[in-house]
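Q: Have a look at the structure that comes next, please.
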Amino acid sequence: MSENDKTKLMISLDSVDRLKWTPEHGKRLQSLRGQIPMRTLADKVNNNGVTCTYQYIHKLEAGKAEAVSTDLILAICNALNTDFKNLFPAVYIDPSELLAILQKNVA
Numbered sequence: 001m002s003e004n005d006k007t008k009l010m011i012s013l014d015s016v017d018r019l020k021w022t023p024e025h026g027k028r029l030q031s032l033r034g035q036i037p038m039r040t041l042a043d044k045v046n047n048n049g050v051t052c053t054y055q056y057i058h059k060l061e062a063g064k065a066e067a068v069s070t071d072l073i074l075a076i077c078n079a080l081n082t083d084f085k086n087l088f089p090a091v092y093i094d095p096s097e098l099l100a101i102l103q104k105n106v107a
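Residues 1 to 107, numbered by the UniProt record's numbering, are exactly what the sequence shown covers, in order.
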């Protein structure tokens, strides 16, 4: 399967232990963090019951992590008061458009 042929699936995050992390995710995290110090973000994540250090936040922002636990990503999003989709953008399809797509593919 080529890079352009990748299929996007919807799956519950409860079923996913780790997600691939890229330098682009690091840039998004840095942008979402804004002026919040890394130590403050790490403290907020720890207060959510997930272990995190400011050094690891730095590693994430530098794009040097390969895969990150879903629990950590969700805790970071919670600490930043942002949606998961802001860090991991997804395709949204209006249900009525989905029906049209499905009917077209069946025909």
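Glycine included, every Cβ here is placed at the ideal spot set by N, Cα and C.
Under DSSP, the beta strand (DSSP E) around V68 begins and ends at which residues?
A: Taken as a continuous stretch (DSSP letters only), the beta strand (DSSP E) holding V68 covers A67 to S69.
Q: So V68 packs on W21, CB below 8 Å; how close in whole Å?
A: Rounded, the Cβ-Cβ distance is 5 Å, consistent with contact.
Q: In terms of residues, what are the limits of the alpha helix (DSSP H) holding K44?
A: Segment M38 to N47, the alpha helix (DSSP H) holding K44.
Q: What would DSSP say about K64, mapped onto helix, strand or coil?
A: K64 falls in the coil class under three-state DSSP.
Q: Over what stretch of residues does the beta strand (DSSP E) that includes L32 continue unbroken?
A: No beta strand (DSSP E) holds L32; the alpha helix (DSSP H) holding it covers P23 to R33.
Q: Got a sec? Which residues, its chain only, sit under 6 Å from A75 by beta carbon, not counting five neighbours each side?
A: Same-chain partners within the cutoff: V45, N48 and V50.
Q: Inspect the beta-carbon positions of T70 and D17 and report whether they are closer than 8 Å.
A: Taking 8 Å as the Cβ cut-off, T70 and D17 qualify as a contacting pair.
Q: With burial defined as no fewer than 16 other Cβ atoms inside 10 Å of the residue's Cβ, what is the status of M1: buried or exposed?
A: In this predicted model, M1 has a pLDDT of only 42, less than 50, meaning its place in the structure is not dependable enough to derive any value.
Q: Look at the alpha carbon of R28 and the alpha carbon of L87, and state the distance between them as a whole number of angstroms.
A: Those two C-alpha atoms are separated by around 6 Å.
Q: If G34 and E61 are in contact, beta carbons under 8 Å, what's the gap, nearest whole angstrom?
A: The Cβ separation is near 12 Å, so there is no contact.
Q: In whole angstroms, what separates the C-alpha of S12 from that of Q30?
A: Between S12 and Q30, the C-alpha separation is close to 26 Å.
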